[in-house]
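Q: Structure below; questions to follow.
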């Protein structure tokens with residue numbers, strides 16, 4: 009996902025969260041005043057028992073401007089998923 013802060017004269021902290029049922033992944037991005045575009049990568053694995061929604065939500069520092077310039081979500085269906093801690 010790309011974030012843009014071309015119009016704000018203040019630094020902006022943005023937190024984005026990708027959610028699928030009870031699983032979630034969050035990441036922070038920090039845009040300096042007048043910065044161009046930064047990217048915030050998010051990756052989440054989740055197994056749905058049936059088709060379900062995935063939500064991408066971003067919040068920003070109070071009283072500042074930040075624009076989500078583009079967001080691409082890619083979902084891949086697998087026959088099985090194994091998670092390894094590490």
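In our numbering, the protein residues as written are 9 to 94.
By construction, the Cβ of each residue, glycine as well, lies at the ideal position given by its N, Cα and C atoms.
Bear in mind the structure is a predicted one, so any value in this text is a computation, not a measurement.
Hey, residue 41 and residue 19: beta-carbon distance below 8 Å or not?
A: The residue you call residue 41 lines up with position 33 of the chain shown. The residue you call residue 19 lines up with position 11 of the chain shown. Yes. Within cutoff.
Q: What residue from 47, 93, 36, 61 has the CA that sits closest to residue 27's CA?
A: Working through the chain shown from its first residue, we reach residue 27 at position 19. Cα-wise, what sits closest to residue 27 is 61.
Q: By a C-beta neighbour count over all protein chains shown, 10 Å radius and 16 as the cutoff for buried, is residue 86 buried or exposed?
A: Looking up residue 86 in the chain shown gives position 78. Residue 86 comes out exposed.
Q: For residue 45, count neighbouring Cβ atoms within 10 angstroms of its own Cβ and tell me buried if that reaches 16, exposed if not.
A: By one-based count along the chain shown, residue 45 stands at place 37. Exposed, because fewer than 16 other Cβ atoms sit within 10 Å of the Cβ of residue 45.
Q: Please classify residue 67: does DSSP put it in a helix, a strand, or coil?
A: What you label residue 67 is simply residue 59 of the chain shown in a count that begins at 1. Three-state DSSP puts residue 67 in a strand.
Q: Among 67, 93, 84, which one has its Cα closest to the Cα of residue 22?
A: Here residue 22 corresponds to residue number 14 of the chain shown, with the count starting at 1. The option with the nearest alpha carbon to residue 22 is 67.
Q: Consult DSSP for residue 19 and reduce its assignment to one of helix, strand or coil.
A: Taking the first residue of the chain shown as position 1, residue 19 is located at position 11. Coil at residue 19, not helix or strand.
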